[in-house]
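According to our numbering, the sequence shown is numbered sequentially starting from 662. By construction, the Cβ of each residue, glycine as well, lies at the ideal position given by its N, Cα and C atoms. Since the model is a prediction, treat every value here as computed from it, not as a measurement.
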Amino acid sequence: MSRLKTKIIIVFILSASSVYGSLWQWENPYPNGNTLTGIWGNSTNSIYAVDHNGGILFFDGSDWHTVAQFPSISFQDIWGIGNQWIAVGHNGAIALNTTGQWQLSDIGHSNNLNCVWGTSFANIYVMGAEGIIIHFDGSEWNIETGVVSVTLNDIWGTSQNNIYAVGYGGKIIHFDGNNWHQIENPSSALSTLNSVWGTNETNIFVSGSGGTILTYDGSEWQKNNTETGMTFSNTAGISQTQFVFGETGTVFQFDGAQWQKTILPYFTTIYDSWGLESTLYAVGTNGTIIKYNNEQWTNIRQGIDTNLTAISTHPDNRMFASGSDGTIVAYVENSGWQPYSSPVNKNINDICGNMAVGDDIILAYADSQWQVLSSNTNIKLNAIWQQADIYYMVGDDGVILSYDGTQWTDLSAIDSADLYDVWGHYSGIYAVGEWGRIMRFDGSRWRNMVHPFNGQTIKFYAVKGTAQGLLVAGENGIVLFFDGNHWQQITCNTATTFYAIDETDHGIILAGDQGKLFAFNNKALTEIESPTSNAIKALCHSENRIYAAGLDGTILSYPLPACANGYSITDVEQAQAYALSLAVSRTQSEYQAVIQEKTQLITQQNAQISAMFTQAQLDNAIALAVTSAIAQSVAEKNSEIAQLNETMSQMYSQEDVNILISSLYSQQEMDLAIDNAKYAKDIEIEQHLNTIESLNQQIAAKNLDIDCNGKADALTDGLLIIRYLFNLDQGSSFMDNAVDTQNGKCITEEELRGNIENLLP
């Protein structure tokens, strides 16, 4: 079969991967939890593997390391010789390593590339979708057309003149050094062939769907009977033993005479393998790496692979993660994440402090053990939050519980909508759930908050208060921001479902389906490159790392930038300025509220007085009273704010800066600090309001008949009160034209002033 060639100009992409994306590290499973799709080595001390989320791993003979991360790429295969390597993947992705550094290259084609093989770095073949065949001769890339039009899945050869490739429709093609030829397949033409490998040109194996295994002895292709209809994904071998890998841990081993079926203790599908002499490595789903040596299979990958839905730091300087079937894992220094004893086999959906909740269960941590805690509910609980010494728990059917360490209180919401997350602050407790529910608890009852999605068929899975405002996130990429007065929907360029929100000293992160990570700042979302496509269900942070947990046992971490003493000078200055402005702003707001209450009271009293006095008297009295009150209030408040500014500047010396920042940016410590700082002021304001109310009640109960003539008159009693309050007249003028001398029983200035003093507070 003749072949046509099209020259390709290759462009190197310098921005190989984002810094943020490359710093994310896998902590469980280890070394990687992504599906590994390709593996190749030059020796047992130099092996590379690639995954479907852009990761490239290297084995140096003792340990596996992630050496490159291209999160937007789905790699499918890798090949190399000497110190030169090439990895290929979907959408025309090619990454080269010829200088010790991995670099993406653009060949100008977007076909999915499934396999790569060569005899040298001057003779490389890459194949993939729609029968694309790309050849590299050491200087130029050329596309060879007219061979086949179906997808090609694998390639292997013994020399530059003897190369085989297989693919869809049972296609087998062979290159003899000049042209490609199609080979008749003795199995069904409907089968998909996934792998080809051999020991030499007279001992070749091909495997694929429908239990297909073909062998070639140099003259004839034959179909092998395995009595199975499963799909085989890969074939390889070492020494005199050949392996064909099937679904969910099934392996067929050929000893030269017959195929024997083996079920590996790893519930995984193998996608590629590579071996040398007596050792074989195979890779597959969920980061699987297994090794065959001395007729024994060994699992290289470490860690759990159950779904995780919660991760949290713990007061005793350890960390816990939990998830399906009662799974609990703890971080052990120098040993990584290890299984932790669990008293249940039900899903544990969330952890906070010394408490955890799940499907009909509540757990408490004491004496280094998790124990079942009896409660008054059998409903699935989805989330838990600790505010001071009280735990708040939310779950299905609108259930809300609080627990103070001794007593349970049922705070169940106003309807039966399932609730998925809860977060609290001294200003209130917030819960979110299905039907667009966002609810707030003010200490006495729950209320639905008014926002654009309330009552709609949207589920919110995450709520978090931040330094920028309250964030709520859920399905279809919907993120809402609340500044204390108004809700605003944040523009998001993805329809992903968000499950978690976290804030550190360095920013706010949202996580969700397909491993999506976003940074939030100034009411805008920016996508962060993620090393996984597994859904991320939970976020938390320690002093120096961000942690993410999700499906298939995923636990990732990201190192937070370190500065002198943990913070830079800019951090310190911004912290001081922010703390001072926050305190002043809140104090001003609180006093403004009191002034507003007093103003409303004066307005009500003015309305009553206006019915008692002439307009001229009323205007004079009110003008004088308002001027005096405002001047006094402004002077008092300015003095108090000035004193607060001076106190704040004295409080935050350089020595106390770290404490200030810690209390400012660590969420729980910030809540506690603000609680303590504002508690006294809250009490004072409440006392003021109570006093005003008491005065209102006292005045309402008083007798306004000053001159004791049996009735309250505007032109006598009212005028006497005005003159007394504002010292408008003294001596005999105090009584002139304001006393009923004929009917009144109190007509002396001493009696009149005494009656007014008894009346007023």
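Item: Own chain, CB closer than 6 Å to G984, minus 5 neighbours either side, in chain order; Value: T967, N968, L969 and T970
Item: DSSP three-state assignment for A710, whether helix, strand or coil; Value: strand
Item: Simplified DSSP state of S820, which is helix, strand or coil; Value: strand
Item: Distance, H751 Cα to L813 Cα; Value: 13 Å
Item: Simplified DSSP state of Q999, which is helix, strand or coil; Value: strand
Item: Runs of beta strand (DSSP E) wholly within the region 1033 to 1105 (minimum 3 residues, chain order); Value: 1042 to 1048, 1051 to 1056, 1061 to 1064, 1069 to 1071, 1080 to 1086, 1089 to 1094 and 1099 to 1102
Item: Which of helix, strand or coil DSSP assigns to D738; Value: strand
Item: Presumed contact (8 Å Cβ cut-off) between G699 and A710, rounded CB distance; Value: 7 Å
Item: Assigned secondary structure, F782 (DSSP; H/G/I helix, E/B strand, else coil); Value: coil
Item: Bridge partner(s) assigned by DSSP for P1423; Value: Outside the shown range of the chain, which is 662 to 1422, sits residue 1423, and nothing can be said about it.
Item: Of the residues W701, P732, D724 and H726, the one placed nearest A1189, counting alpha carbons only; Value: At residue 1189 the sequence reads Ile, which differs from the Ala that was named. Out of W701, P732, D724 and H726, P732 has the C-alpha closest to the C-alpha of I1189.
Item: Under 9 Å between C-beta atoms of T876 and V867; Value: yes
Item: Enclosing beta strand (DSSP E) for I924 [first to last residue]; Value: W920 to I924
Item: Identity of the residue in Q914, Q1117, D933 and D1103 nearest Q957 by Cα; Value: Q914
Item: Own chain, CB closer than 8 Å to T940, minus 5 neighbours either side, in chain order; Value: T705, I899, K952, Y953 and N954
Item: At least three beta-carbon pairs within less than 8 Å, the region 1031 to 1045 to the region 1055 to 1064; Value: yes
Item: Nearest neighbour of S1088, chosen from A1049, G1066 and G792 [CA to CA]; Value: A1049
Item: Simplified DSSP assignment, three categories, for H1147; Value: coil
Item: Neighbour-count burial assignment, Q730, 16 or more Cβ in a 10 Å radius; Value: buried
Item: Beta-carbon spacing of A1134, F1121 below 9 Å; Value: yes
Item: Proximity to G753 [Cα-Cα], best of F1395, H770 and W1084; Value: H770
Item: Beta-carbon proximity list for K1177, same chain, < 6 Å, skipping 5 on both sides; Value: T1157
Item: Top-ranked residue by Cα proximity to N714, from H835, M788 and W685; Value: W685
Item: Reference K1184; option with closest CA among I1169, Q1261, I1197 and T759; Value: I1169
Item: Contacting residues, own chain, Cβ-Cβ under 7 Å from K1372 (five flanking each side not counted); Value: D1366
Item: Counted within 10 angstroms of its Cβ, other Cβ atoms place L937 as buried (16 or more) or exposed; Value: exposed
Item: Nearest neighbour of F928, chosen from A897, Q919, Q903 and I965 [CA to CA]; Value: I965
Item: For R1108, three-class secondary structure by DSSP; Value: strand
Item: Start-to-end residues for the beta strand (DSSP E) that takes in I794; Value: I794 to F797
Item: Integer Cβ distance of I961 from L697, believed to fall under 8 Å; Value: With 8 Å as the limit, I961 and L697 do not qualify as a contact, their Cβ atoms being about 11 Å apart.
Item: Nearest neighbour of A1074, chosen from W1046, Q1047 and S1105 [CA to CA]; Value: S1105
Item: Exposure label - K922; buried when at least 16 CB within 10 Å; Value: exposed
Item: Cβ distance (whole Å) where N855 is taken to contact G869 below 8 Å; Value: 5 Å
Item: Beta-bridge pairing of W701 - partner residues as DSSP gives them; Value: Y709
Item: Terminal residues of the alpha helix (DSSP H) in which E1411 lies; Value: E1410 to L1420
Item: Closer than 9 Å to chain C by CB, T1127; Value: The structure shown has no chain C; it contains just one protein chain.
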